[in-house]
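Take a look at the structure set out below.
Protein chains: 2
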Amino acid sequence: MEAENTPTEILPAHECWRLLRNAPFGRLALCIQGIPGIFPVNFVVEHGTIVFRTSEGTKSRFSEKAPVALETDGTLNDGALVWSVIVHGHAATINQTSELLNTVTLPLHPWESGRKDRFMRLVPETITGRSFTPLQASTHPQGARAPDE
Amino acid sequence: MEAENTPTEILPAHECWRLLRNAPFGRLALCIQGIPGIFPVNFVVEHGTIVFRTSEGTKSRFSEKAPVALETDGTLNDGALVWSVIVHGHAATINQTSELLNTVTLPLHPWESGRKDRFMRLVPETITGRSFTPLQASTHPQGARAPDE
Chain A
1 MEAENTPTEI
11 LPAHECWRLL
21 RNAPFGRLAL
31 CIQGIPGIFP
41 VNFVVEHGTI
51 VFRTSEGTKS
61 RFSEKAPVAL
71 ETDGTLNDGA
81 LVWSVIVHGH
91 AATINQTSEL
101 LNTVTLPLHP
111 WESGRKDRFM
121 RLVPETITGR
131 SFTPLQASTH
141 PQGARAPDE
Chain B
1 MEAENTPTEI
11 LPAHECWRLL
21 RNAPFGRLAL
31 CIQGIPGIFP
41 VNFVVEHGTI
51 VFRTSEGTKS
61 RFSEKAPVAL
71 ETDGTLNDGA
81 LVWSVIVHGH
91 AATINQTSEL
101 LNTVTLPLHP
111 WESGRKDRFM
121 RLVPETITGR
131 SFTPLQASTH
141 PQGARAPDE
């Protein structure tokens, strides 16, 4: 069975944190009146929390104290291994002056230029990660589409 | 102002679809009793809908008829341009035999091996996309961390 079904490897927490620390960016999911929203963000890990920078728009307004999930993924060994790390927790705006002063020293430059004046901190409740070997065919070049019926 | 603030470009719908069709995989967000969940999925575009394959677990149970969001992103021009496309809609299991027979001809091989017996279809309600030039510093190598206080 092993040969035809490569198992998913559950990553230990310290490995999840290592991958998070080195991830260039991720996607933040939150619920806005029962409707899921998803937003690309860049972030840094600081003292076991995740700090990201955003504008005064949807992301910050609705994720204030609300549960959020952050996902980031990537490949290792030239694509031979795919990994994904998911953090669940609550995010809140960093308001305290002392915290803000510390935060601005973080190497947290917005991925996208424009006004990103709000710093937010995600305090993780759970962190999970897994890695697996992608199947060859999963690169599924779309050029090989079946003809339309 | 232009020089110091590269604007985000809003992508037209046809360009969003083109990018989606060529994306190897994305992340599906959904709300489970007010808590956001986020899952990497691979998918194919079929006749203006998005078909993905999943197991009988959390993803399929909770996204049945529920609102979902799918995000995928990537780079163009050797990383000079970053793009992100987000689809909002509802996902439902593909049950009809005729639909299933069509679906299995799609080049939709699970990214991760293991039992992924359920095909689901996301019918989009909105599709939005944008592209932007990432700031140099946004690669933020974590090696340049500030010393712990």
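Quick mapping for you: the protein sequence lines, in order, are chains A and B. Just so you know, we're using the UniProt record's numbering here: the first sequence kicks off at 1 and counts up by one. Just so you know, we're using the UniProt record's numbering here: the second sequence kicks off at 1 and counts up by one. Just so you know, even glycine gets a beta-carbon here, dropped at the ideal spot from N, CA and C.
Short Cβ contact (9 Å threshold) for residue i with residue j
i, j, result
"valine 87 of chain A", "isoleucine 35 of chain A", "no"
"phenylalanine 132 of chain B", "glutamate 46 of chain B", "no"
"cysteine 16 of chain B", "valine 85 of chain B", "yes"
"glutamate 125 of chain A", "phenylalanine 39 of chain B", "no"
Beta-bridge partners of residue i, as assigned by DSSP
i, result
"cysteine 16 of chain B", "According to DSSP, which records beta bridges pairwise, cysteine 16 of chain B is partnered with nothing at all."
"threonine 54 of chain A", "A:Arg118"
"alanine 29 of chain A", "A:Ile38 and A:Ala69"
"alanine 23 of chain A", "Alanine 23 of chain A pairs with nothing; no bridge assigned."
"glycine 74 of chain B", "B:Trp83"
"proline 124 of chain B", "B:Gly89"
"isoleucine 10 of chain A", "A:Arg130"
Anticipated Cβ contact below 8 Å, residue i with residue j, distance rounded
i, j, result
"tryptophan 83 of chain A", "leucine 11 of chain A", "7 Å"
"glycine 89 of chain B", "leucine 19 of chain B", "That pair is no contact at about 17 Å."
Identity of the residue in the options nearest residue i by Cα
i, options, result
"valine 68 of chain A", "A:Ala80, A:Asn95 and A:Gly26", "A:Gly26"
"alanine 91 of chain B", "B:Arg53, B:Thr72 and B:Thr75", "B:Arg53"
"asparagine 95 of chain A", "A:Arg118, A:Gly37, A:Glu125 and A:Leu19", "A:Arg118"
"lysine 65 of chain A", "A:Ile32, A:Phe43, A:Val41 and A:Gly79", "A:Ile32"
"methionine 120 of chain B", "B:Leu76, B:Ala80, B:Val41 and B:Thr75", "B:Val41"
Rounded C-alpha distance that separates residue i from residue j
i, j, result
"proline 134 of chain B", "alanine 23 of chain A", "15 Å"
"alanine 13 of chain A", "glycine 74 of chain B", "27 Å"
"alanine 80 of chain B", "proline 7 of chain B", "14 Å"
"arginine 21 of chain A", "valine 44 of chain A", "7 Å"
"isoleucine 127 of chain A", "glycine 37 of chain B", "12 Å"
"aspartate 78 of chain B", "aspartate 78 of chain A", "17 Å"
"leucine 30 of chain B", "threonine 93 of chain B", "15 Å"
"leucine 76 of chain A", "leucine 76 of chain B", "21 Å"
"glycine 48 of chain B", "glycine 48 of chain A", "42 Å"
Under 7 Å from the C-beta of residue i: neighbouring residues of chain E
i, result
"valine 68 of chain A", "Reference to chain E is not applicable here, since the protein chains of this structure are A and B."
Any non-hydrogen atom of the ligand FAD within 8 Å of residue i CB
i, result
"asparagine 77 of chain B", "The ligand FAD is not among the ligands present in this structure, which contains no ligands whatsoever."
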